[in-house]
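K.L.:
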Amino acid sequence: RVQQSISIWLRWLQLQVGFDAWRFDFVKGYAAQFVGLYCKKSAPSWAVGELWGDMHYDDNGLCHNQDGHRQDLVNWINATDKTSTAFDFTTKGILQEAVRNCQYWRLKDGAGKPPGLIGWMPKYAVTFID
Numbered sequence: 071r072v073q074q075s076i077s078i079w080l081r082w083l084q085l086q087v088g089f090d091a092w093r094f095d096f097v098k099g100y101a102a103q104f105v106g107l108y109c110k111k112s113a114p115s116w117a118v119g120e121l122w123g124d125m126h127y128d129d130n131g132l133c134h135n136q137d138g139h140r141q142d143l144v145n146w147i148n149a150t151d152k153t154s155t156a157f158d159f160t161t162k163g164i165l166q167e168a169v170r171n172c173q174y175w176r177l178k179d180g181a182g183k184p185p186g187l188i189g190w191m192p193k194y195a196v197t198f199i200d
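Residue numbers (the working numbering): 71 to 200.
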């Protein structure tokens, strides 16, 4: 019943208010499948999820390899049935560290690609900079 009510509300926002895209905040708090369901029911022109996870650190600071962090984003996008994009917080964290410490070598992963979600699923990566 809750899922049905949310789907109806989303359609109302589209038809009556004029919204055409969704931002799903704190998606860590509910299953990605629900985002997929809501997107399928409401057919937004675009959707983005905010999956804010912890970056990986060791005694020397931010680890160079953040594949686990970006894999979490990939898994979430796939679990929405690719109906939503995601904020690329992996890139955000790495970029901040690189600029703060003049460690620009961080801006490539082991394969020479961008180290965030943009390096693996650019179509689904939404840059987030504050």
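Just so you know, even glycine gets a beta-carbon here, dropped at the ideal spot from N, CA and C.
Note that the structure is a prediction, hence the values are computed from the model and not measured.
Within the chosen definition, does the region 105–114 reach the region 80–92 through at least 3 CB pairs nearer than 8 Å?
P.N.:
Flag = yes, the region 105–114 and the region 80–92 touch.
K.L.:
Specify the secondary structure class of Arg93 as computed by DSSP and reduced to three states.
P.N.:
Reading the sequence shown from its first residue, position 23 is the one you call residue 93. In the structure shown, Arg93 sits in a strand (DSSP, three-state: E or B).
K.L.:
Comparing C-alpha positions only, which one of Thr160, Ala156, Gly163 sits nearest to Ala195?
P.N.:
Working through the sequence shown from its first residue, we reach residue 195 at position 125. Of the candidates Thr160, Ala156, Gly163, the one whose C-alpha sits nearest the C-alpha of Ala195 is Ala156.
K.L.:
With DSSP run on the structure shown, which of helix, strand or coil describes Tyr194?
P.N.:
Along the sequence shown, one-based indexing puts residue 194 at 124. It is helical.
K.L.:
If you reduce the DSSP assignment to three classes, tell me which class Thr160 lands in.
P.N.:
On the sequence shown, position 90 is the one that residue 160 refers to. Thr160: helix per DSSP, three-state reduction.
K.L.:
Determine the DSSP secondary structure at Gly99, reduced to helix, strand or coil.
P.N.:
As a position in the sequence shown, residue 99 is number 29, starting the count at 1. Helix.
K.L.:
Are the CB atoms of Asp142 and Gly186 nearer to each other than 8 Å?
P.N.:
For the purposes of this step, residue 142 is identified with residue 72 of the sequence shown, where counting begins at 1. For the purposes of this step, residue 186 is identified with residue 116 of the sequence shown, where counting begins at 1. For Asp142 and Gly186, no; Cβs fall outside 8 Å.
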